[in-house]
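Chemist: Residue numbers (the working numbering): 1 to 665.
Structure below; questions to follow.
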Amino acid sequence: MNILIPHKWLLEHLETDASPQDIQRLVSLSGPSIERIYERDGDSVYDIEVTTNRVDTMSVRGIARECAVILQHAGVAAKLKPLHLPGIEAGSNLFPEPKIVNNPQFCKRVLYVILKDVKRTATPDWMAQRLSQVDIGVHDAVIDITNYITHELGHPCHAFDYDKIMKLGGEIIVKEATPGKIFTTLDGMEYKTIGGEIVFENQKGEIIDFPAIKGTANTSIDDRTQNVLFWIESLDPKKVRFGSMTHAIRTVAAQLNEKDVDPELAMDVLKKGVELYQELCDAQVASEVYDEYPQPRQFEPISVKKDTIDTYLGVELENKIVEHILEELGCKVEKANDTTFLVTPPSFRPDLKIPVDIVEEVARIYGYHNLPSVVMHTPIPLSRQEGVNFQLEEKIKHFLSDIGWQELYTYSLVSEKLAVESGWALDEHLKLQNPLTDDRVYLRNSLVPSLNEVIDSNPNESSLSVFEIANVYWKTTTGLPDEVLMLSMVSNREFRKVKGDLEALLDRLHISNLSQELKNPQIPTIAQSSILKTTHSGEVVQLGTIAVLKNGRTVIQLELTNLIRVTKKHPTYKPIPQTAQIIEDLTFTMLEKTQLGPVIESVKKVSPLISFVELKDVFKQNVTLTITYLNPTQNISSVDVEPVRRKIVEKLKEDYKAILVGKLY
1 MNILIPHKWL
11 LEHLETDASP
21 QDIQRLVSLS
31 GPSIERIYER
41 DGDSVYDIEV
51 TTNRVDTMSV
61 RGIARECAVI
71 LQHAGVAAKL
81 KPLHLPGIEA
91 GSNLFPEPKI
101 VNNPQFCKRV
111 LYVILKDVKR
121 TATPDWMAQR
131 LSQVDIGVHD
141 AVIDITNYIT
151 HELGHPCHAF
161 DYDKIMKLGG
171 EIIVKEATPG
181 KIFTTLDGME
191 YKTIGGEIVF
201 ENQKGEIIDF
211 PAIKGTANTS
221 IDDRTQNVLF
231 WIESLDPKKV
241 RFGSMTHAIR
251 TVAAQLNEKD
261 VDPELAMDVL
271 KKGVELYQEL
281 CDAQVASEVY
291 DEYPQPRQFE
301 PISVKKDTID
311 TYLGVELENK
321 IVEHILEELG
331 CKVEKANDTT
341 FLVTPPSFRP
351 DLKIPVDIVE
361 EVARIYGYHN
371 LPSVVMHTPI
381 PLSRQEGVNF
391 QLEEKIKHFL
401 SDIGWQELYT
411 YSLVSEKLAV
421 ESGWALDEHL
431 KLQNPLTDDR
441 VYLRNSLVPS
451 LNEVIDSNPN
461 ESSLSVFEIA
471 NVYWKTTTGL
481 PDEVLMLSMV
491 SNREFRKVKG
501 DLEALLDRLH
511 ISNLSQELKN
521 PQIPTIAQSS
531 ILKTTHSGEV
541 VQLGTIAVLK
551 NGRTVIQLEL
561 TNLIRVTKKH
571 PTYKPIPQTA
581 QIIEDLTFTM
591 LEKTQLGPVI
601 ESVKKVSPLI
611 SFVELKDVFK
621 QNVTLTITYL
631 NPTQNISSVD
641 VEPVRRKIVE
651 KLKEDYKAIL
661 VGKLY
């Protein structure tokens, strides 16, 4: 995400004489990328790209902290100014406090204070100017204070109408939402819970806030507000992400909270908020500070060997330089022994988890541009990666698109329901420990359920045909899964048309000798299934499967690795036969749901004189086959064909109960 920061606002937290241009150049080398500088209202405004794992830099103070460290190591005088925030003292005539029923599993910290006699004053010009410079709307001071503090210190905060909270029962219950509850946000938009979001409810079960994302209308500030419940919460980031994405509410608060913003910031935010409310709105503190923080954030030390740092950087740094860099970044550094550092990250750096994270911090502050540039000792490998052919993938995609198939890109992660629909047992799927959402936690073993899900969501497209080329992930006993590149196709059209498209695709790839072998379907949703095979260099190669689902859809699954093995750039030359061939059509009445692939294979095996069998037409239960007879060494006549024809009729009658339409003479 990008954040806008005015230079004068930055200098309230950063002591330096560096120009905006110098700050842009030096900080971009070793930290967040300052993409451009705008001139707005007589000030330089930085447009800064912040990577999503660096929530600590998504504020004015966070960028100032980064600038202080980076500029110092670049030889520019810079220092992070301390925060001078007054304490919070409650006056007389304290108000009754709301009852908080928290669930520490979902909410790590709750912090609030009640402010009384809050005047609805206009936002002062200096604050309005800064908010406008960073593209935040201006309302009045009571509302704008929360937006201002969030941008300055990096932790979202919220102002409730205290009297509305108390009128609704005076109780705030932190819980997971049940499905189907209606709530209206402060902008008048109505939503319905799907279940699993974190909400605040009163004792009657009414939703009174969609926390960490957006306030609700029934407790929001309005023109009659006199008393404010100034509130800060630290929710489970995964739950915030789930709620925000589920309802498509992408507020700044949601984007910060879903990235695990530091709960230790909450007290500074509360103090700053009370200071501004007292200064701008003549507010009085009407309660003691409520702070429920059962398990303060603590990080385990990360063990990093000095040799590891030197190896990655390609240069040997003195121990004191490494320690100095890490300590300036807020880390606690101890020596386990002469060769190993124990580094404990600060509470605002949840992204530092493993040794290479520490190495990266040392490298960027030391300066990537200061690391030695060394040519590789070995030549760049020129061999192609086995089992990869991007040109072939592109050819397949274009061909299928040209004949009416729609290409899809679906999630690699699937829900428990889709995982089960794949036909693989749930314990044969890999489950992510840190999924972005709670509804998609399994790495897929098949593309088919995801493609089916897309077709289900488009019920008006009666003949929809979709495909995807992507990896599936098959669990192994050794650690990492097998990543298998698959071409999967799912269509609402009838089987023979889909198979015709497949044969056209294989013909385009110059793959011949396709055969089918009936397979007993092991998946409850599959009605019929066959294995697709071809012959390559005298070896039988299994390409994949073709199946008909019980819902009538046709499914094709091909392994790209095997397809790459057998595909050809050019067709194989076949000389024109030197002898005459006989071509005739035979029509048979088949039983319902007879698979025609095996029928054609049976006909081919009746006699060496049969050189080609093709499905010509289907009408109800009548199937017409075009059969080509050929003897490459001598011409044949109808007399030679007659016994072969009789064998075909007998074979199909015996194996498939097929009846010839017409008579043999």
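Backbone N, C-alpha and C define an ideal beta-carbon position, used for all residues, glycine too.
Relative to the alpha-carbon of valine 618, which residue among Thr589, His158, Arg364 and Glu323 has its alpha-carbon at the smallest distance?
Modeler: Of the listed residues, the one whose Cα sits closest to valine 618 is Thr589.
Chemist: Taking 7 Å as the cut-off, decide whether the C-beta atoms of glycine 544 and leucine 558 are in contact.
Modeler: A contact, by the Cβ cut-off of 7 Å.
Chemist: Taking its Cβ as the centre, do 16 or more other Cβ atoms sit within 10 Å of lysine 335, making it buried, or is it exposed?
Modeler: That one is exposed.
Chemist: From methionine 189 to glutamate 421, what distance separates their C-alpha atoms?
Modeler: Looking at the two C-alpha atoms, the distance is approximately 36 Å.
Chemist: In the structure shown, what three-state DSSP assignment does glutamate 279 receive?
Modeler: Helix at glutamate 279.
Chemist: Rounded to whole angstroms, what's the CA-CA distance from valine 675 to tyrosine 629? Just pull it up for me.
Modeler: In the structure displayed, the chain extends from 1 to 665; residue 675 sits before or after that span and is not available.
Chemist: Could you check where the beta strand (DSSP E) with threonine 150 kicks off and where it finishes?
Modeler: Per DSSP, threonine 150 belongs to no beta strand (DSSP E); it is in the alpha helix (DSSP H), 141-153.
Chemist: Buried or exposed for valine 661, going by 16 or more other Cβ atoms inside 10 Å?
Modeler: Answer is exposed; the Cβ neighbour count stays below 16.
Chemist: Residues in its own chain within less than 7 Å of valine 431 by CB, not counting five upstream and five downstream?
Modeler: Going by the sequence as given, residue 431 is lysine instead of valine. Contacts found: Val441 and Tyr442.
Chemist: With burial defined as no fewer than 16 other Cβ atoms inside 10 Å of the residue's Cβ, what is the status of isoleucine 277: buried or exposed?
Modeler: It is tyrosine, not isoleucine, that sits at residue 277 in the sequence shown. It is buried - the Cβ of tyrosine 277 has at least 16 other Cβ atoms within 10 Å.
Chemist: Taking only runs of the beta strand (DSSP E) that begin and end inside the segment 224-249, which ones reach a length of at least 3 residues, in chain order?
Modeler: Qualifying beta strand (DSSP E) stretches, in chain order: 228-235.
Chemist: Report buried or exposed for asparagine 227, applying the criterion of at least 16 other Cβ atoms within 10 angstroms of its Cβ.
Modeler: Its Cβ being crowded by 16 or more others within 10 Å, asparagine 227 is buried.
Chemist: Which residues in the same chain have their Cβ closer than 8 Å to the Cβ of isoleucine 583, if we skip the five residues on either side of it in sequence?
Modeler: So the list reads Thr626, Ile627, Thr628 and Tyr629, once near-sequence residues are dropped.
Chemist: Terminal residues of the continuous alpha helix (DSSP H) containing glutamine 391?
Modeler: Start and end: 390-402.
Chemist: For the beta strand (DSSP E) containing glycine 544, name the first residue and the last one.
Modeler: From DSSP, the beta strand (DSSP E) with glycine 544 extends over 539-549.
Chemist: Should arginine 36 go down as buried or exposed, given a rule of 16 or more other Cβ atoms within 10 Å for buried?
Modeler: Exposed, since its Cβ has fewer than 16 Cβ neighbours within 10 Å.
Chemist: Could you tell me if glycine 552 is buried or exposed, where buried requires 16 or more neighbouring beta carbons within 10 angstroms of its beta carbon?
Modeler: The residue in question, glycine 552, is exposed, as its Cβ has fewer than 16 Cβ neighbours within 10 Å.
Chemist: Leaving out five residues on either side along the sequence, give the residues of the same chain with a beta carbon under 8 Å from the beta carbon of serine 602.
Modeler: Counting only Cβ-Cβ distances below 8 Å, and skipping sequence neighbours, we find Lys651, Leu652, Asp655 and Tyr656.
Chemist: If you follow the alpha helix (DSSP H) that methionine 489 is in, where does it begin and where does it stop?
Modeler: Per DSSP, methionine 489 belongs to no alpha helix (DSSP H); it is in the beta strand (DSSP E), 482-491.
Chemist: Considering Cα atoms alone, identify which of Tyr290, Thr219, Glu197 and Ser220 is closest to serine 244.
Modeler: The shortest C-alpha separation from serine 244 is found at Glu197.
Chemist: Which whole-angstrom value describes the C-beta separation of arginine 364 and serine 30, a residue pair presumed to lie in contact below a C-beta threshold of 8 Å?
Modeler: Going by Cβ atoms, the distance from arginine 364 to serine 30 rounds to 5 Å, so yes, they are a contact pair.
Chemist: Report yes if the C-beta distance between asparagine 513 and valine 541 is below 7 Å; otherwise report no.
Modeler: Their beta carbons are not under 7 Å apart, which means asparagine 513 does not touch valine 541 by this criterion.
Chemist: So isoleucine 3 is in the beta strand (DSSP E); what residue range does that whole segment cover?
Modeler: 2-6 is the span of the beta strand (DSSP E), which, as asked, contains isoleucine 3.
Chemist: Cα-Cα, which of Phe299, Gln406 and Gln255 is closest to leucine 436?
Modeler: The shortest Cα separation from leucine 436 among Phe299, Gln406 and Gln255 belongs to Gln255.
Chemist: Return helix, strand or coil for glutamate 679, following the three-state DSSP convention.
Modeler: It is not possible to answer for residue 679, since the shown part of the chain is limited to 1 through 665.
Chemist: Which residue or residues does DSSP assign as beta-bridge partners of threonine 216?
Modeler: Note: threonine 216 sits in a beta bridge opposite Thr185.
Chemist: Can you check whether the CB of proline 86 is closer than 7 Å to the CB of glutamate 275?
Modeler: Yes, Cβ-Cβ distance for glutamate 275 and proline 86 is below 7 Å.
Chemist: With distances taken from CA atoms, which of Gly154, Val138, Phe210 and Val623 is nearest isoleucine 172?
Modeler: Nearest C-alpha to isoleucine 172: Phe210.
Chemist: Using a Cβ-Cβ cut-off of 6 Å (strictly less than) and excluding sequence neighbours within five positions of proline 49, which residues of its own chain qualify?
Modeler: Going by the sequence as given, residue 49 is glutamate instead of proline. Taken in chain order, the residues that qualify are Asn2, Ser33 and Glu35.
Chemist: When the Cα atoms are used, what is the spatial distance from glutamate 461 to threonine 594?
Modeler: Approximately 27 Å between the Cα atoms of the pair.
Chemist: Rounded to whole angstroms, what's the CA-CA distance from proline 577 to glutamate 428? Just pull it up for me.
Modeler: When rounded, the distance between both Cα atoms is 52 Å.
Chemist: Under a three-way DSSP split, which group does serine 463 fall into?
Modeler: If DSSP states are grouped into helix, strand and coil, serine 463 belongs with coil.
Chemist: When the Cα atoms are used, what is the spatial distance from aspartate 187 to phenylalanine 341?
Modeler: Answer to the nearest angstrom: the Cα atoms are 51 Å apart.
Chemist: Between Lys499, Ser412 and Ala212, which has its C-alpha nearest glutamate 483's C-alpha?
Modeler: For the residues Lys499, Ser412 and Ala212, the minimum Cα distance to glutamate 483 belongs to Ser412.
Chemist: Considering only C-alpha positions, which residue in the set Phe160, Ser611, Thr476 and Val27 is nearest to valine 76?
Modeler: Measuring from the Cα of valine 76, the nearest candidate turns out to be Val27.
Chemist: Please report the distance separating the alpha-carbon of isoleucine 556 from that of glycine 423.
Modeler: C-alpha separation (whole angstroms): 15 Å.
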